[in-house]
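2 protein chains.
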Amino acid sequence: MPEIETPSTDAATATTPIAGTEGRVRAVIDAVLPGVDGGRFPVKCVAGERFTVTAHCFTDGHDVLRVMLRWCADADEAGEIPAREVPMVMLGNDEWQAHFTPPAPGRYRYGIAAWVDPFESWRHELTRRVDADDIRIAAQVGAIEIAAAAGRAEGDDRATLAAWSRALEQAARQHADAATLKALALDEPLAELAARYPDRRFEALSAELPLVADRERARFSTWYELFPRSASPVPGRHGTFQDVEARLPAIAQMGFDVLYFPPIHPIGRVNRKGRNNALVAQPGDVGSPWAIGAAEGGHKAILPELGTAQEFRRLVGAATALGLEIALDIAFQCAPDHPYVKEHPDWFRWRPDGTVQYAENPPKKYQDIYPFNFECDDWRALWAELKSVLDHWVGEGVRIFRVDNPHTKAFAFWEWAITEVRRAHPDVIFLAEAFTRPKVMHRLAKLGFTQSYTYFTWRNTKQELTEYFTELAHGPGVDYFRPNVWPNTPDILHEQLHSGVPAMFMSRLVLAATLSANYGIYGPAYELLEHLPRGAGSEEYLDSEKYQLRHWNHASPYSLAAFIARVNAIRHAHPALQANGSLRFLPVDNDQLIGYAKASDDGLDVIVTVVNLDPYNVQSGWLELDPASVGVDPGQEFQVHDLLSDQRFAWQGGHHFIRLDPHIVPAHILAVRRHLRDERDFAYFL
Amino acid sequence: MPEIETPSTDAATATTPIAGTEGRVRAVIDAVLPGVDGGRFPVKCVAGERFTVTAHCFTDGHDVLRVMLRWCADADEAGEIPAREVPMVMLGNDEWQAHFTPPAPGRYRYGIAAWVDPFESWRHELTRRVDADDIRIAAQVGAIEIAAAAGRAEGDDRATLAAWSRALEQAARQHADAATLKALALDEPLAELAARYPDRRFEALSAELPLVADRERARFSTWYELFPRSASPVPGRHGTFQDVEARLPAIAQMGFDVLYFPPIHPIGRVNRKGRNNALVAQPGDVGSPWAIGAAEGGHKAILPELGTAQEFRRLVGAATALGLEIALDIAFQCAPDHPYVKEHPDWFRWRPDGTVQYAENPPKKYQDIYPFNFECDDWRALWAELKSVLDHWVGEGVRIFRVDNPHTKAFAFWEWAITEVRRAHPDVIFLAEAFTRPKVMHRLAKLGFTQSYTYFTWRNTKQELTEYFTELAHGPGVDYFRPNVWPNTPDILHEQLHSGVPAMFMSRLVLAATLSANYGIYGPAYELLEHLPRGAGSEEYLDSEKYQLRHWNHASPYSLAAFIARVNAIRHAHPALQANGSLRFLPVDNDQLIGYAKASDDGLDVIVTVVNLDPYNVQSGWLELDPASVGVDPGQEFQVHDLLSDQRFAWQGGHHFIRLDPHIVPAHILAVRRHLRDERDFAYFL
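So the sequences go chain by chain: P and D.
Quick note: the first sequence, position 135, residue 135 per this note's numbering, numbers continuous.
If you want this note's numbering, it's the 1-based position in the second sequence plus 1000.
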């Protein structure tokens, strides 16, 4: 049966609804927001944080609607979990809103129930009635509605409502005066009681929309990538997990919370690549960690030179103790000598000459890598085996995976595998390494990837950065696409960094760290200003760790480690920098200066960042910041505190002079300090 | 069972797709556009006109996709109609496009099929191969793919493909040189043949989206509303269908094509309203035509004073002969003496005092009108009867209905009734008279109303008009909401018209006629400059025809009939004014002057309209019109021809001086005349 990509709808089929439908459902639910592709994919949120739902609901005529937000955790082994309901409040323009807080990571569903409420309609009308006769008749109508509510109630409530109904009916029959009748009919506590027993026979129900609640790190994380094999303090010696363990305190001190390793598995010997991607390896060459699998094992094994499974587990424990999580690379591809190739030849594409089809994008060839054939007849076994690789490392204590080129494997596989892994372990995070076309990247995010690499590396000018981050913070992906931005990776040494000018490394880091709540660097290359490309204009590093061991001089006086530590400490102290939704750019009358503001959800924490994009020259200009937009009385002076330099500036009005010398620090990260008088002061306006 | 408002989705349920799904479907259909609420409602188009569909499709890796647009008419009595397929073309950015032309009014469905095509992937790879060994192996792979295509083919095609496969295989085995192999493998006519037999086992299918094709009048119509009872040439005598017949040539001459009557049914006598909405009618008062039903009959009957059913049918025929369609008012409500009240008391809401609940919006009361109770137990019979009213008038030759206050009747009823009526008569047009909240108006358009009244009457300043018509032409409703704009109605005499200044009546008419392809006026009140309100600030006409007969002096020297005829003739002659999608506003440095351009689909016809919004003073200013945007070489002079005044102006460059004297004509309707050298000259850029 073919895959159906979008939800099917009975509106497409020409049936006669009068026969099968309940025509008395008069409430309309026109839209439920947020939602991804009409519920085909889950919206993402963070457990323990408020999730807000808006619905467009109305009915014909003037009757009063009641609208409920319904939500529940997805069914688990114990079966269906009953839905909870939150009354929605009308914001105006037929938009209703309510929120709930998913208590723990996992999958949830939410939907809307709405009904025309005769009891509330009657109350609403009665408040507007002035004619005494009308009020008397209305009291009688109300007595009937209240009696009906009594009929739906139980115990004491039933008796109370029945008594109220009788009293109202009697007062109306005895021609009590209008004021008395109105007072009795509009009794507030009794109305609240009656409202607890509404007539929902003809309620409208929206479809249920799926929701994924992640843990907080999905929203706010700070990544450090390193090659364990280069972690040895002794030049030329292959690094080990123990060497990495020795580096953990320094990495934690820099303020990172995710430590990500390229593949740690045995590396193929057949067609192994040499230094600088040479087609033929020289004796002693260590090969690419992405050419996975050799006689020692495949995706579940560890390269013996790095250490044992036990040592890996010890490393995970040591990292955890320092607030660092180990993230592993998932690269679903095989070296020619991977055990899978012999054990499951049917998982690969064979050529008529009896060889396996290696990876290629003609005329480029990757002879050391065999891709899996996701269209093979044995695809179910292949999927199950690949998922078992994820399960294996989850079992070893890993909860974060960076997935290599997910866009070259079947999308359906990822949707299934991520959903299944997270069903058992909803705390697992997947980062999609797909530097590809926009719609493909969005699809991966929709189908389950927790975070996604971005085009940040290639967004360099003020206009590029402004457009791109406006899209990331406010564009159509906000409900499912969580950007994770990297100034460099082992594959991408952007031309901007080729000069090695520290100000450029500093400004790109500040941009990444303040524009995006999730960011990472590939170190020690970054903090040690590694900048030589393999050739002019190349984005490949010269002597890349991808193909050889490297030795890093952490004691370099030019190291940016302290600067990075400061930036990351600011991120950790300031909730404004731990999410993206509040980002707005601020006008500066100099294209080399970029300025933007972010605020925490409660508006208390406001950070204004200004970066000099020119690494060579002092740049100055006027930044526009409406004081009212950050909760400051426009007539009052307020203080901005540069958290990088610890300087404090007194600002007043809407225009502020900025001067940034790249030879000192090319950026301000300014905390806005102001006297807060009342709640409105917290306001931060997008 | 409760109504499900949005399509259900299996993504919301946590199943394990590996068991039930075909995992080898690697093509992804991420979006199909246009679509209304994921297919819950149909998109609207016009039969005989190109309907363009865009889909976002891609797959993992570098394989080549084939994408088909599938469409078919909805099933009819003869059963399912097989889908036709149109190959989609890639526009870039993973967006594919194709179009089809629904041949006749009716309901259609469209969807997308996409699959990873091994044959096309092989061809694409082969073109990029340079290595001779690779080419030889590729030729062998190709021979296998071609043999597979042969297996799917029949007759001669099968033999041809099989021979090609053998030839290629043999040439590869015999080590033919690379150029020979490539030439044989990439043979264009043979490739086209093989492409006709693709392997679609693992194709992805989108959901099918519903489409409604209307006839052309749904897109382009010019309405004239009149009260037949005021059509008598003799003051004080009740007008008749025969009197209307006598007026038809004058109305047709003004360029209208729809002639719409308020209700023509017997008018209730109980609680009849008097002149100027007096609570008690005086003897001889004719009452409101919207208080439908009396002893003579209800919604299927004709007020005897107007004429007989036979005379009505004659009127319909006479109008048709002049290119005029008669549109009837559908007001589903009853006067207290409507036969339904006695025959179906259960269709109304009864109050405890034994009276029927009349229409009210406290404290406002409409004692002469009983609404139907759409929540009554007998709702099925009520729906069926109301639909039979529509069927009755369709039987009498009416194909256009203006529906009174549809938003005070159950939405589900309209969706059903409109769908059912149009199933038998897809040429029927429904205009929704819902002057209410935006989401409610949009819902009515989504569920089936062909055209919708708008807020035009209350959009008066340049900024209001610009914002509102930009939304109507380019906002989210473009696929389902067709605006029909009215400078006046019997219920709305806007304050702007209270002065009676002709320039105001002229400018509002030009705005309506040129901003919207569908527009109408309530006449003769409009062309005769009727402007006195019932009270200061009131939107009600003094001595409104809603409650009394009127006599109109068509011979008035102040009549705008000739001006209206000219404007409507321009609309009929210029396709640019017969649709809304091309509308764009042009900057003018005077807020009393509003300018905008429209073009026909083929770009050949371009109309620039400029209106002076100030009815008292000459206004002048500079209009910006980039010549390139209307296909004119910026260095060339071109002519604009004012179709109202017949003046011609020579324009050059981007800034054009405009001067409009409201005492003459407060508007230009300018046809852009230019020499067309080649196709690019036709370009009209939004």
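Don't be surprised by glycine CBs; every beta carbon is placed ideally from N, CA and C.
Skipping 5 residues on each side, what residues in its chain have a beta carbon closer than 7 Å to that of residue i?
i       : result
D/P1666 : A1503, M1506, S1507, V1611, N1612, P1615, L1660
D/L1190 : W1164
D/Q1242 : G1307, E1311
P/V28   : C57, F58, T59, A204
D/N1271 : P1336, Q1367, D1368
P/R443  : F411
D/P1087 : M1068, A1098
Leaving aside the five residues before and after residue i along the sequence, list all residues of the same chain whose C-beta is less than 6 Å from its C-beta, in chain order.
i       : result
P/A178  : A132, I135
D/T1457 : I1492, H1494
D/P1228 : G1239, V1244, F1261, L1306
D/G1386 : Correcting the residue type first, residue 1386 of chain D is Leu in the shown sequence and not Gly. Closer than 6 Å at Cβ, skipping near neighbours: F1332.
D/S1556 : L1528
P/H668  : V610, D642
D/C1104 : A quick correction: the sequence has Ala, not Cys, at residue 1104 of chain D. Once the five neighbours on either side are set aside, the close Cβ partners of D/A1104 are A1047.
Assign residue i to one of three DSSP states: helix, strand, or coil.
i       : result
P/W552  : coil
D/Q1357 : coil
D/Y1468 : helix
D/A1278 : coil
P/G38   : helix
P/V234  : coil
P/T308  : coil
P/A683  : At P/A683 the pLDDT is 49, less than 50, meaning the model places this residue with poor confidence; the figure from the coordinates comes in the next sentence. Correct three-state label for P/A683: coil.
D/F1332 : coil
D/Q1592 : coil
D/F1100 : strand
D/S1452 : strand
D/A1055 : strand
Compare the C-alpha of residue i against each of the options and name the closest.
i       : options                            : result
P/Q253  : P/T222, P/A167, P/S230             : P/T222
P/A671  : P/L577, P/A434, P/G317             : P/L577
D/G1151 : D/P1362, D/R1123, D/R1196          : D/R1196
P/V25   : P/R50, P/L644, P/T59, P/T54        : P/T59
P/G61   : D/E1360, D/D1601, D/H1655          : D/E1360
D/L1644 : D/E1471, D/I1564, D/V1588          : D/I1564
P/L450  : P/H344, P/N484, P/S620, P/E420     : A small fix is needed here, since residue 450 of chain P is Thr in this sequence, not Leu. Ranking the options by Cα distance to P/T450, first place goes to P/N484.
D/P1490 : D/R1272, D/F1469, D/K1439, D/S1288 : D/S1288
P/R534  : P/A650, P/T180, P/N277             : P/N277
P/L226  : P/F256, P/V32, P/R201, P/V478      : P/F256
D/W1096 : D/P1082, D/L1065, D/D1076          : D/L1065
P/A167  : P/E154, P/N553, P/L181             : P/L181
P/V130  : D/K1364, D/P1198, D/S1206, D/A1319 : D/K1364
D/L1623 : D/D1601, D/H1498, D/L1586          : D/L1586
Would you say residue i touches the ligand GDP, meaning its beta carbon is less than 7 Å from a heavy atom?
i      : result
P/Y366 : No copy of the ligand GDP occurs in the structure displayed, which carries no ligand at all.
Which whole-angstrom value is the C-beta distance of residue i and residue j, which I expect to be below 8 Å?
i       : j       : result
P/G631  : P/G603  : 6 Å
D/G1448 : D/I1400 : About 14 Å separates the two Cβ atoms, so there is no contact after all.
D/P1362 : P/E125  : 5 Å
D/I1137 : P/D353  : 5 Å
D/L1259 : D/L1324 : 5 Å
Taking one C-beta from the region 1295-1312 of chain D and one from the region 1265-1284 of chain D each time, how about it: are there three or more such pairs within less than 8 Å? yes
Any 3 or more C-beta pairs closer than 8 Å across the region 1400-1411 of chain D and the region 1362-1377 of chain D
yes
query: How do the region 1639-1646 of chain D and the region 1538-1546 of chain D stand: do at least 3 beta-carbon pairs fall below 8 Å, yes or no?
result: no
Below 8 Å, how does it come out for the region 206-221 of chain P and the region 104-119 of chain P: are there three or more Cβ pairs, yes or no? yes
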